[in-house]
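**Student:** This is the structure, below, for whatever I ask next.
Number of protein chains: 2
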Amino acid sequence: MDSDFGIERELSHLQKLRSLYQPELPPCLQGTTVRVEFGDATTAADPSCAHIISRSFPHTYGQPLAHFLRATANVQDAQIITDHPSIRVGIVFCGRQSPGGHNVIWGLLEALKIHNPDSILLGFLGGSEGLFAQKTLQITDDVLATYKNQGGYDMLGRTKDQIRTTEQVNAALAACKALKLDGLIIVGGVTSNSDAAYLAETFAQAKCPTKVVGVPVTLNGDLKNQFVETNVGFDTICKVNSQLISNVCTDALSAEKYYYFIRLMGRKTSHVALECTLQSHPNMVILAEEVAASKLTLFDITKQACDAVQARAEQDKYHGVILLPEGLIESIPEVYALLKEIHVLLREGVSADNISSQLSPWASALFEFLPPFIRRELLLYPESDDSAQLSQIETEKLLAFLVEAEMNKRLKEGTYKGKKFNAICHFFGYQARGSLPSKFDCDYAYVLGHVCYHVLAAGLNGYMATLTNLKNPVNKWRCGAAPITAMMSVRRFGHGPGAESIGKPALHPAAVDLKGKAYKVLRQNAGKFLMDDVYRNPGPLQFDGPGADTKAVSLCVEDQDYMGRIKQLQEYLEKVRTIVKPGCSQDVLKAALSAMSSVTEILSVLSCSGNAPF
Amino acid sequence: MDSDFGIERELSHLQKLRSLYQPELPPCLQGTTVRVEFGDATTAADPSCAHIISRSFPHTYGQPLAHFLRATANVQDAQIITDHPSIRVGIVFCGRQSPGGHNVIWGLLEALKIHNPDSILLGFLGGSEGLFAQKTLQITDDVLATYKNQGGYDMLGRTKDQIRTTEQVNAALAACKALKLDGLIIVGGVTSNSDAAYLAETFAQAKCPTKVVGVPVTLNGDLKNQFVETNVGFDTICKVNSQLISNVCTDALSAEKYYYFIRLMGRKTSHVALECTLQSHPNMVILAEEVAASKLTLFDITKQACDAVQARAEQDKYHGVILLPEGLIESIPEVYALLKEIHVLLREGVSADNISSQLSPWASALFEFLPPFIRRELLLYPESDDSAQLSQIETEKLLAFLVEAEMNKRLKEGTYKGKKFNAICHFFGYQARGSLPSKFDCDYAYVLGHVCYHVLAAGLNGYMATLTNLKNPVNKWRCGAAPITAMMSVRRFGHGPGAESIGKPALHPAAVDLKGKAYKVLRQNAGKFLMDDVYRNPGPLQFDGPGADTKAVSLCVEDQDYMGRIKQLQEYLEKVRTIVKPGCSQDVLKAALSAMSSVTEILSVLSCSGNAPF
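Chains as they are written, first to last, in the working numbering: chain A, 23 to 636; chain B, 23 to 636.
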């Protein structure tokens, strides 16, 4: 198996051309001298969690933000790193593959070699298993040649999703020590970056010199917070899926006889479904977050879809396209409760065949109501993160089944007078995940790879490489790093009145913000999308010519430049300090004091009210 | 419903750019003067069918080939058409949508208007139903604006597949008379073009002045013969599907734990599956034509796949990608026999629930052996062309199911010692059919639209517009038209010893040629594809820059320039005539006579042996 990793391979014409594409670097990373500015010590977004997180991460909590600036940047307290000894770095792909992953390796290798040609980059083969077993491949430009700007994780492979148990953490520690690594780069999503934070803490405690750096790479787009605007792979996945959704929309409108139910990959959250809707304008999307917020039952959702079908039939339209995120099934309260019961029984070792009889009466009634194919899929053993096997549960077929049954009922009762309802179901996931990455993802991953080097050069541990201001061109991107602990939160689980248990601090998938601008755009257009068939085809991913530089709608509409705004605030504070210096008038001082006292009071109140991220 | 056809709509950035793309015309069609050369009278590919076809088409059989040449071309007997009265033409989308269809309309409109601005083009709304009901939309450049170079058939829509019954043919005749049409253009595949031929004959007989012209537009790529090299839509479908297949290959290689079984659209024949294999290099493809030729049973196919899985496991490979054409299920002899029994019973009105008990013992045994989901799908009512509902039968799931069962059995028996076999199934069809057409399909359809005009201007009836030499750039394409009857054949059905019935003359889907060059390329590489994971990603469809002009592999490897070779032959004959003129030496005459007598003898023998196309 391993012998095949990193082998050179035959590329298609387009793949070859892509392998020659050279992403640009933001000005601050050009050349060999980079200035690092450290910001204030970080906290956690939810102050009520800060204490718990700080206790779990005594060595790595509360570290400052880092910004990378041009050597010539005129910033107080920023330091230029001039010492670049040769270092040894390991990199590992964790979790599910996401387009662009290879470019993180490329960017990192390039930065390493520019600063010291003797530095070594080792890729772990087969993901975390390769890390534990110390199976490596030394990355060179030759190895990379046919993997630059290419999709998949096949240069190194990936297997297990976790670095979590004591044995696993110890194996990672042993590997880093044995291989004398100065740095370990973990490429992955929410789970893998949580693991990276714990690993960093363990390494610090064990006085292991290896610094751990995380990179936000996940097609789900759910590793989103104040420091991280989007993830490597999300742009590509949304573009490839939107192309296919749009093709299906065109097909629906041409044949005029089918409703297409399309389920999209993206795990628990609905970022992919939202973005694809904004790109393709299908008739309807049902976001998991909406269902959870409104506590919609399976019957409510079915009714919504049926009412839509009926309203369209009244306009003589018998076709349509409905999108569902794969996480929808878990967001439906009664199904979630049923899944929880099933998972408890499965973990107790009850065999799938016997579960039905051991469910609570209520759960059993729901279970028996569902069609057999869904029952089988709900009985699958849960994933390592406790969620159901979302990619295996055909929610689109379930909804199509329920809608058909309800439309037939309405037809019989005479409340619906249109033509027979016909559905075709699709799951779009695997066919997008291995795609050639979009230009945006190529650039984003490549620059993140460079940033990883500078994080290590600055001696930082437990950080995530970050880029912000991404909706602007590459030369405006801001490069930095944030402690992973600053992105963590703690989940509380209620067990009846008064009783509560607390989860371990972790990164949690960021839900679609139902108050955010992207969702607002969706809601404003939902009526038109539903009735008017304003389908829009963004077309296949383009690499050349016009269209190649399009970015995700949700990335562009949100005001995400958190770091930019922190900077702006600091400028205000600096201005006040400059104006109010010893020697200024009493009036100026009085006005400043009064204004600042009211500002601080407002902010204290706001900070305490606790804005939990999920 | 109708009010939505042809409405202007919002296009994405890329769609807008595509709508501005202007395909090129071959030199012979540039300007306003085109020369028409008529070739010899045509015959049928299978001489044994010629008599039957000529009896069915007394008015339209045996017409000559037409070639369109530059006005300045130096060709004997070619005539320049100088009279271009204003004419009225109708156009109708028949059968399943195929990318590029809209461009036929565009090319036709342009040619009409160039030659006489008063000419009128009417599009029938909702396919053949619109034709029968005389529902039309006058096509103008404004109507076309947002449909140029766009996918789908949504500008006009399509509903029924047929113009076959006496009522339908009469309705079409009445429509053409009422609308005073000089020409009717039928856009479609094998079935629709057969209908076009019958319509042309009926019109000729009824002395209706409307000339009927067919255009080969079908994503199946199965309308292939001496005159037609490929069909509009095939290139796009293969490219979009190959992109997705390649993405899945990359995914398989990254995760290393799944076998993907992918079923592809394409009806009875396997052209799409073959072309996609040549573009993407998946591990395995099972062509319907191979299965039919070798009379492989379901068990043979399962065994083949299992042996492949086992051979790969011995190299520690637990992933793979296997392609199946949707027509595979009908090509398996025992399943075909079962389907025939089921269809007979369904047509007799036996309800699906009762069919199992009325099958012959042998068919019943097979039926009961199959998993329930496939049983349900086999019981679906057959299509109008007598085939099963191929897009609804999940052959990929059936094969994955059988392979899994067999691998588990081998594991238990100890003959297989590898890891557990895991399959994921996909059907790629609807998500490709509505795609933006590739540059090739845009050009091909647009030029065919122009050719349609010249066919009408030449007063031809019952012809198909044709372009050949397509593997070369547009300026080398040859424009012509061939009588549809010359592409027809007759199917014979055996009913026991001596008894035989004969079908109606029709176009039949051309099977993949197992002696052809494209198939040879596949066979030469099959071993490498199977074991070495030489996956290749042609990438998403490009419209700009390098990669945009790639053509289908199977189009490029085959020697298809039939018309070019007919021309070459005529040049030889002409040369002989020039050399052997009264006054030449006795020796020359003797040599010529002897050589030509042996040539004619060989050709007579060859022609009589009957090279039936299917």
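Ideal Cβ positions, reconstructed from N, Cα and C, are used throughout, including at glycine.
Here the structure is a predicted model, which means the values were calculated and not measured.
From B:Pro107, B:Ile127, B:Gln592, B:Asn125, pick the residue whose C-alpha is nearest to that of Ser141 (chain B); which is it?
**Tutor:** Ranking B:Pro107, B:Ile127, B:Gln592, B:Asn125 by Cα distance to Ser141 (chain B) puts B:Pro107 first.
**Student:** Closer than 9 Å, Cβ to any Cβ of chain B: which residues of the segment 143-173 of chain A, in chain order?
**Tutor:** So the close ones are Gly148, Gln172, Gly173.
**Student:** Ignore the nearest five residues each way along the sequence and tell me which others in Gln85 (chain B)'s own chain have a CB closer than 6 Å to its CB.
**Tutor:** Contacts found: Pro505.
**Student:** Residues of chain A with a CB under 7 Å from the CB of Arg334 (chain B): which are they?
**Tutor:** Within 7 Å Cβ-Cβ: nothing; Arg334 (chain B) doesn't reach chain A, min ~11 Å.
**Student:** Closest to Tyr396 (chain A) by CA distance: which of A:Asp408, A:Pro383, A:Leu381, A:Leu412 is it?
**Tutor:** It is Ile, not Tyr, that sits at residue 396 (chain A) in the sequence shown. Comparing Cα positions, the closest option is A:Leu412.
**Student:** Inspect the beta-carbon positions of Arg514 (chain A) and Gly502 (chain A) and report whether they are closer than 9 Å.
**Tutor:** Not a contact, by the Cβ cut-off of 9 Å.
**Student:** Is the segment 286-299 of chain B touching the segment 260-268 of chain B, taking contact as three or more C-beta pairs under 8 Å?
**Tutor:** Result yes; three or more Cβ-Cβ pairs closer than 8 Å.
**Student:** So, with DSSP's three-state summary, where would you put Gly471 (chain B)?
**Tutor:** Helix.
**Student:** For Gly632 (chain A) and Ala508 (chain A), what's the separation of their Cα atoms in angstroms?
**Tutor:** Note that Gly632 (chain A) scores a pLDDT of 46, beneath 50, so its modelled location is shaky; the value from the coordinates is reported in the next line. Cα to Cα, Gly632 (chain A) sits roughly 15 Å from Ala508 (chain A).
**Student:** Do His448 (chain A) and Tyr280 (chain A) come within 9 Å of each other at the CB atom, strictly closer than that value?
**Tutor:** Not in contact: Tyr280 (chain A) and His448 (chain A) (Cβ atoms no closer than 9 Å).
**Student:** Is it right to say Phe321 (chain B) is buried, meaning 16 or more other beta carbons lie within 10 angstroms of its own, or is it exposed?
**Tutor:** Classification of Phe321 (chain B): exposed, given that the 10 Å Cβ count is below 16.
**Student:** CB-CB under 6 Å to Ala95 (chain A), same chain, minus the five flanking residues each way: which ones, in chain order?
**Tutor:** So the qualifying residues of the chain are Arg57.
**Student:** Could you tell me the alpha carbon to alpha carbon distance between Val237 (chain B) and Ile351 (chain B), rounded to whole angstroms?
**Tutor:** Their Cα atoms are separated by approximately 29 Å.
**Student:** What does the alpha-carbon distance come out to for the pair Gly436 (chain B) and Leu421 (chain B)?
**Tutor:** When rounded, the distance between both Cα atoms is 22 Å.
**Student:** With distances taken between CB atoms, is the gap from Thr162 (chain A) to Arg31 (chain A) smaller than 9 Å?
**Tutor:** Not in contact: Thr162 (chain A) and Arg31 (chain A) (Cβ atoms no closer than 9 Å).
**Student:** With 16 other CB atoms within 10 Å as the buried threshold, where does Asn376 (chain B) fall?
**Tutor:** Asn376 (chain B) comes out exposed.
**Student:** Cβ closer than 9 Å: which chain B residues qualify as neighbours of Arg558 (chain A)?
**Tutor:** Under the 9 Å cutoff, chain B gives Arg31, Glu32, Leu33, Ser34, Gln37.
**Student:** For Pro45 (chain B), name the three-state secondary structure that DSSP assigns.
**Tutor:** It is coil, neither helix nor strand.
**Student:** Helix, strand or coil: how does DSSP classify Val97 (chain A) here?
**Tutor:** Of the three classes helix, strand and coil, the one that applies to Val97 (chain A) here is coil, per DSSP.
**Student:** For Gly538 (chain B), which residues does DSSP report across the bridge?
**Tutor:** Answer by DSSP bridge pairing: none, since Gly538 (chain B) is not bridged.
**Student:** Around the C-beta of Leu206 (chain A), are 16 or more other C-beta atoms found within 10 angstroms, so that it is buried, or is it exposed?
**Tutor:** Leu206 (chain A) is buried by the Cβ-count criterion.
**Student:** Should Thr252 (chain A) go down as buried or exposed, given a rule of 16 or more other Cβ atoms within 10 Å for buried?
**Tutor:** Looking at its Cβ environment, which holds 16 or more other Cβ atoms inside 10 Å, Thr252 (chain A) is buried.
**Student:** For the alpha helix (DSSP H) containing His137 (chain B), name the first residue and the last one.
**Tutor:** Segment 123-137, the alpha helix (DSSP H) holding His137 (chain B).
**Student:** Just verifying my parser: in three-state terms, what is the DSSP assignment at Tyr594 (chain A)?
**Tutor:** Tyr594 (chain A): helix per DSSP, three-state reduction.
**Student:** Alpha carbon to alpha carbon, what distance is there between Val270 (chain B) and Leu131 (chain A)?
**Tutor:** For Leu131 (chain A) and Val270 (chain B), the distance between alpha carbons rounds to 28 Å.
**Student:** Tell me the DSSP secondary structure of Ser25 (chain A) in three-state form.
**Tutor:** Confidence in Ser25 (chain A) is poor, its pLDDT being 42 and thus under 50, which makes the residue's placement too unreliable to answer from.
**Student:** If the criterion is Cβ atoms closer than 9 Å, does the pair Ser292 (chain A) and Ala315 (chain A) meet it?
**Tutor:** Cβ atoms of Ser292 (chain A) and Ala315 (chain A): not closer than 9 Å.
**Student:** Pull the bridge partners of Met306 (chain A) from the DSSP assignment, please.
**Tutor:** Paired residue(s): A:Ile344.
**Student:** DSSP on Gln160 (chain A), reduced to helix/strand/coil?
**Tutor:** If DSSP states are grouped into helix, strand and coil, Gln160 (chain A) belongs with the strands.
**Student:** Helix, strand or coil, according to DSSP, for Lys493 (chain B) in the structure here?
**Tutor:** If DSSP states are grouped into helix, strand and coil, Lys493 (chain B) belongs with coil.
**Student:** DSSP beta-bridge partners for Thr488 (chain B)?
**Tutor:** The partner list for Thr488 (chain B) (beta bridge, DSSP) reads B:Gly502.
**Student:** Thinking C-beta only, is Leu51 (chain A) closer than 9 Å to Val469 (chain A)?
**Tutor:** Yes, these two residues count as a Cβ contact at 9 Å.
**Student:** What are the partner residues of Arg369 (chain B), as DSSP defines its beta bridges?
**Tutor:** Answer is none; Arg369 (chain B) lacks a bridge partner.
**Student:** CA-CA distance, Gly349 (chain B) and Ala533 (chain B)?
**Tutor:** Whole-angstrom Cα-Cα distance: 11 Å.
**Student:** Identify each residue in the segment 267-301 of chain B for which the Cβ-Cβ distance to at least one residue of chain A is less than 9 Å, and report them in chain order.
**Tutor:** Under the 9 Å Cβ criterion, the segment 267-301 of chain B contributes Ile267, Ser268, Asn269, Val270, Cys271, Thr272, Asp273, Ala274, Leu275, Ser276, Ala277, Glu278, Lys279, Tyr280, Tyr282, Ile284, Gln301.
**Student:** Indicate whether the contact test is met: 3 or more Cβ pairs, each with one atom in the segment 36-47 of chain A and one in the segment 166-180 of chain A, closer than 8 Å.
**Tutor:** The segment 36-47 of chain A, when compared against the segment 166-180 of chain A, does touch it at the 8 Å Cβ threshold.
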